[in-house]
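**Student:** Protein chains in written order, with my numbering: chain A, 35 to 367; chain B, 35 to 367.
(1) What does the Cβ neighbour count give for residue 76 of chain A, buried or exposed, with the cut at 16 atoms within 10 Å?
(2) Buried or exposed for residue 367 of chain B, please, with buried defined as at least 16 other CB atoms from any protein chain shown within 10 angstroms of its CB.
(3) To the nearest angstrom, how far is the alpha carbon of residue 114 of chain A from that of residue 152 of chain A?
(4) What whole-angstrom Cβ distance do residue 315 of chain B and residue 252 of chain B have, given they're in contact under 8 Å?
(5) Does DSSP classify residue 232 of chain A as helix, strand or coil?
(6) With the cut-off set at 8 Å, would you say residue 168 of chain A and residue 125 of chain A are in Cβ contact?
(7) Give the residues from the stretch 98 to 120 of chain A that approach chain B closer than 9 Å (Cβ to any Cβ), ordered along the chain.
(8) For residue 67 of chain A, decide whether its Cβ has a neighbour in chain B, counting only Cβ atoms nearer than 8 Å.
(9) Report the start-end ranges of each beta strand (DSSP E) in the stretch 83 to 135 of chain A that is 3 residues or longer and not cut off at the edges.
(10) Measuring straight from C-alpha to C-alpha, what distance separates residue 205 of chain B and residue 230 of chain B?
(11) Comparing C-alpha positions only, which one of B:282, B:73, B:180 and B:330 sits nearest to residue 351 of chain B?
(12) What span of residues does the alpha helix (DSSP H) with residue 220 of chain A cover, start to end?
(13) Report buried or exposed for residue 101 of chain B, applying the criterion of at least 16 other Cβ atoms within 10 angstroms of its Cβ.
(14) When DSSP labels each residue in this structure, what does residue 263 of chain A get in the three-state scheme?
(15) Which partner residues of residue 347 of chain B appear in the DSSP bridge assignment?
(16) Given that residue 158 of chain B touches chain A, what residues does it touch there, using C-beta distances under 8 Å?
(17) Using CA coordinates, which residue listed in B:359, B:42, B:269 and B:123 is at the minimum distance from residue 280 of chain B?
(18) Residue 240 of chain B and residue 310 of chain B: beta carbons closer than 8 Å?
(19) Quick check: what's the CA-CA separation for residue 335 of chain A versus residue 225 of chain A?
(20) Between residue 156 of chain B and residue 46 of chain B, what straight-line distance do the alpha-carbon atoms span, to the nearest angstrom?
(21) Using a 10 Å radius around the Cβ and a threshold of 16 neighbouring Cβ atoms, would you call residue 80 of chain A buried or exposed?
(22) Start and end of the alpha helix (DSSP H) containing residue 324 of chain B?
(23) So which residues on chain A does residue 241 of chain B lean against when the C-beta distance must stay under 9 Å?
(24) Note down the Cα distance separating residue 105 of chain B from residue 237 of chain B, rounded to an integer number of angstroms.
(25) Quick check: is the beta carbon of residue 88 of chain A nearer than 8 Å to any beta carbon in chain B?
(26) So residue 288 of chain B is in the beta strand (DSSP E); what residue range does that whole segment cover?
(27) Let me know if residue 40 of chain A comes out buried or exposed under the rule of 16 or more other beta-carbons within 10 Å of its beta-carbon.
(28) Once DSSP output is grouped into helix, strand and coil, what is the label at residue 159 of chain A?
(29) Compute the Euclidean distance between the alpha carbons of residue 313 of chain A and residue 267 of chain A, then round it to the nearest angstrom.
(30) Looking at the secondary structure, which residues open and close the alpha helix (DSSP H) in which residue 303 of chain B lies?
(31) Closer than 8 Å by beta-carbon distance: list the chain A residues that pair up with residue 165 of chain B, in chain order.
(32) Nearest-angstrom Cα distance between residue 150 of chain B and residue 43 of chain A?
(33) Residues in the same chain with beta-carbon distance under 6 Å from residue 174 of chain A, minus the five sequence neighbours each way, listed in chain order, please.
(34) By the DSSP assignment, the alpha helix (DSSP H) with residue 306 of chain B in it spans what residues?
(35) Relative to the C-alpha of residue 249 of chain B, which candidate in B:211, B:142 and B:318 has its C-alpha closest?
(36) In three-state DSSP terms, what is residue 224 of chain A?
Okay, here's the thing in structure tokens:
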């Protein structure tokens, strides 16, 4: 099977065809030409993000391909969610060491199942030979004035995160056989272990929550490199500071059983969470509770925005603790 | 320097900022947030294409980084040209084995010089560690009914190509020290050699020609994998055949000096040309001549569309010759 046949079999879906049943109406021309053609929605702007995943860097070479297909799109949809945007379409560029058809079939299944769940059409791309690398660009839509930017946080706003933090980082430590987490790994049930692991392998982008936050949150971003580093970016963009009560960071029951230092490190600086971090005025608290319930995602207030430029961490007793956590940087590890 | 500082220094340009002098008005929010935000033009659809270049596959690992930056964007702009679209914005995902700052500076210069010449804003992306890989997604705009698709060629249409074919393939053979091309390589002047080599290293996307062909050409595509293979795709999409006089394929003076078999192979099946292949009714001939002169690009009639489904090749005397040429496929080499 050659490159063109492979694309046709595994990556051309009815929802991206320019005609026929199941097509998404915004796709005027699907894959197969020099470009795809998509229609934009009046009163909306395009929200666009690109991410690259490299084997050995962002995932293990032997990662289950179906999970990998899911995750590759999920991390990009998470960027749309963080902007409050509705997913519309995406491109995929894929480098493969060999043409392993079962691998491609499984990857495509994981990728397109998630895409289909979000009505996000795979409109084009490229498959080539090379070290296993996945590059995706997603395109969504949002009303310009309601887009959730990083730079809108106001002094006095509450800070929230969605879901729980630290599970993906715990799963990574398990995979790397970190002795500090071995006890928890062996003492939990298979089901619990799988739940934690799925946070690393099959993250859920908070797409519905992001859209629900339009016009409510003053600033938002997704937590991909760890809250410590990502919050720093939000504060820098908004030119303000924050106080965060580190022991209020929401964690799963498994992470909650860990020693306090490890729990804090995983929740605050773990990375790969793909939860949303956002700021909103205190008077929106009740509305936020309602919206979160509507979309079925837990949100937790973790602190508030200050007129300082520093980030102050407090423990459960309100005592200031040292902030020696940092985010992930691809060239500093 | 970390990932974020690197992006800020080398990849954030005034034309992609959401505010300030030099910004492109369609960029509502530039790089630095979870997504960029772009405005679409009324009556236009988005033309979107993605390509990935892998070191050792698409270019030599030691390729001059400034030329590589140019070429990585050029091959994507060529896809917009082939659709008749106006470039608007692009994303870049870059995997680098090490953070070699002079390399990044030169790459960025080649990339952004070409981007700026086409008012195409770098609106986002990703830099990560990994085997040298470049993935670009370009977004342009075109009126839906005037987009140059592959599937519109009509029986009786003339077939044209722009520029000359085969130079990039000749330069590649020189680089690979193919003995068949060595004589030409050593007998030409340095200037001529550089002219040929620049077709491989610094291809010119036919953006203005593509836009000029809106509403005139019935079908178009760019020639990236070699005319033999690419023409096959156009004919398959348009469900028709063609007759091509192989000896009318436009070639540079250097390619013209080669033995006939080699000249034909390079021009018809060489690849990496990034010229446009297009079909248009014979009554558009005078208009095409005028448009080509306006945009300063030579076009050559190479044959015509037939109601067959086969591609018939003829020599200069009209004698049918065997078509044993084929296009490039990443997994068949």
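The beta carbon of each residue, even a glycine, is placed where N, CA and C say it ideally should be.
**Tutor:** This is what the structure holds:
(1) Taking a 10 Å sphere around the C-beta of residue 76 of chain A, we find fewer than 16 other C-beta atoms and assign the residue as exposed.
(2) The predicted position of residue 367 of chain B is uncertain, since its pLDDT is 40 and thus under 50; a value taken from the coordinates is nonetheless stated next. Classification of residue 367 of chain B: exposed, given that the 10 Å Cβ count is below 16.
(3) Approximately 11 Å between the Cα atoms of the pair.
(4) Here residue 315 of chain B really is in contact with residue 252 of chain B; their C-beta atoms are around 7 Å apart, less than 8 Å.
(5) The three-state secondary structure of residue 232 of chain A, taken from DSSP, is helix.
(6) With respect to the 8 Å criterion, residue 168 of chain A and residue 125 of chain A are not classified as neighbours on the basis of their beta carbons.
(7) Against chain B - using a Cβ distance shorter than 9 Å - the residues of the stretch 98 to 120 of chain A are 112, 113, 114, 115, 116, 117 and 119.
(8) At least one chain B Cβ lies under 8 Å of residue 67 of chain A.
(9) Within the stretch 83 to 135 of chain A, the complete beta strand (DSSP E) runs of at least 3 residues are 120 to 130.
(10) About 6 Å.
(11) For residue 351 of chain B, the closest C-alpha among the options B:282, B:73, B:180 and B:330 is that of B:282.
(12) Residue 220 of chain A -> alpha helix (DSSP H) spans 213 to 221.
(13) In this structure residue 101 of chain B is buried. Its beta-carbon is surrounded by 16 or more other beta-carbon atoms within 10 angstroms.
(14) Shown here, residue 263 of chain A sits in a helix according to DSSP, grouped into three states.
(15) The partner list for residue 347 of chain B (beta bridge, DSSP) reads B:278 and B:355.
(16) Within 8 Å Cβ-Cβ: 82, 83 and 84.
(17) The option with the nearest alpha carbon to residue 280 of chain B is B:359.
(18) With contacts defined by Cβ atoms closer than 8 Å, residue 240 of chain B and residue 310 of chain B form a contacting pair.
(19) Cα to Cα, residue 335 of chain A sits roughly 29 Å from residue 225 of chain A.
(20) Spanning the two alpha carbons is a distance of roughly 7 Å.
(21) Burial is judged here by how many other beta carbons sit within 10 angstroms of a residue's own beta carbon; residue 80 of chain A has at least 16 and is buried.
(22) Element bounds for residue 324 of chain B: 319 to 329.
(23) Per Cβ cutoff of 9 Å: no residues; residue 241 of chain B is ~12 Å from chain A at best.
(24) Cα to Cα, the separation comes out at about 6 Å.
(25) Yes, its Cβ sits closer than 8 Å to a Cβ of chain B.
(26) Annotation: residue 288 of chain B is outside any beta strand (DSSP E); the continuous alpha helix (DSSP H) that includes it extends over 287 to 290.
(27) So residue 40 of chain A counts as buried.
(28) Collapsing the DSSP output to three states places residue 159 of chain A in a strand.
(29) Answer to the nearest angstrom: the Cα atoms are 13 Å apart.
(30) Where residue 303 of chain B is concerned, the enclosing alpha helix (DSSP H) stretches over 294 to 303.
(31) Those are 88, 164, 165 and 167, listed as they occur along chain A.
(32) Each residue's Cα considered, the two are about 38 Å apart.
(33) Within the same chain, 81, 114, 119, 120, 121 and 122 come within 6 Å of residue 174 of chain A by CB-CB distance, once the 5 residues on both sides are set aside.
(34) First-last for residue 306 of chain B: undefined, no H or E at that position.
(35) Scanning B:211, B:142 and B:318 for the CA closest to the CA of residue 249 of chain B turns up B:318.
(36) For residue 224 of chain A, the three-state secondary structure derived from DSSP is helix.
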